Amino acid sequence: MDTDLETLATALHDIADDLLKARPQIVPARPRTGIAPTITDAEALPLTTIAPLPGINTEGCFLR
132 MDTDLETLAT ALHDIADDLL KARPQIVPAR PRTGIAPTIT DAEALPLTTI
182 APLPGINTEG CFLR
């Protein structure tokens with residue numbers, strides 16, 4: 132991963148994390164039963180934002 136993308140991912144995570152902590156009412160409701168999520172909403176945002184960019188061929192490539 133390029134340094135600029137790492138910086139972008141870190142910034143997106145920090146902004147999303149701060150926003151979701153400041154306004155918990157905007158977090159989608161989660162069912163009480165079922166499989167618990169393994170990543171937070173703040174962690175999912177950079178993944179879904181950066182993965183479609185040119186040069187990121189697959190999710191597996193991006194996540195490595």
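To get our numbering, take the position in the sequence shown, counting from 1, and add 131. No residue lacks a Cβ here, since even glycine has one placed at the ideal position from N, Cα and C. Since we're looking at a predicted model, the values are computed, not measured.
Report buried or exposed for residue i, applying the criterion of at least 16 other Cβ atoms within 10 angstroms of its Cβ.
i      : result
Pro177 : buried
Name the residue from the options whose alpha carbon lies nearest to the alpha carbon of residue i.
i      : options                        : result
Thr171 : Pro185, Asp148, Ala160, Leu184 : Asp148
Ala153 : Thr180, Ala173, Gly165         : Ala173
Pro210 : Ile166, Leu151, His144         : Only positions 132 to 195 of the chain appear in this structure, which leaves residue 210 out of reach.
Would DSSP call residue i helix, strand or coil?
i      : result
Ala173 : helix
Pro168 : coil
Ala160 : coil
Ala182 : coil
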